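Peer 1: Whatever position you read off the sequence shown (first residue = 1), add 1260 for the numbering used here. For every residue, glycine included, the Cβ atom is placed at its ideal position computed from N, Cα and C. If you're wondering where the values come from, they're calculated on a predicted model, not measured in any experiment.
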Amino acid sequence: MATPTEIQKFTVSSEFCQFILEMMGELYTSHEMPEQPKESFFKGLFGGGAKSLDREELFGEQSGKANRSVAKHIPGPNLDQLGQRASTAASEISRAHQLAMERGEKLNLLEERAERMANQAQDFSGTAHQLMLKYKDKKWYQL
């Protein structure tokens, strides 16, 4: 006999393995389902039988009372005001965009003017230097 801490070796013959499926029992026996009995006239008339109902028929708008937790769209003045505010905001954004574009154009013009003035100042400096070199060695009375 083996203790719980020991491992016990056992062998199974091949003949035993062939018949193992026949030796296993079944938990239940299968039977075909009987045909459902037909509902009698009086049971159908007086509501004796269970009837499957749709959820919408019981709780939806078809039942006459709608669910209170379901939100419904009710148009009102708030929606109109919201539309006006949205259009006002859109026009303000387009106006700000237009002003930014105009400011960019003005900055480009200003940059071109500054570049032109820098070029003219460079030309003037060169001309003044040439003039200074021309009259450098001459005295004031020789001019």
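1. Please report the residue range of the alpha helix (DSSP H) in which F1276 lies.
2. In whole angstroms, give me the CA-to-CA distance for E1256 and L1359.
3. Does K1394 come out as helix, strand or coil in the three-state DSSP assignment?
4. Determine the DSSP secondary structure at D1340, reduced to helix, strand or coil.
5. Cα separation between S1385 and T1348?
Peer 2: Reading off the structure:
1. S1274 to Q1278
2. Any question about residue 1256 goes unanswered here, given that the chain covers just 1261 to 1403.
3. helix
4. Residue state, collapsed to three classes: helix.
5. 55 Å
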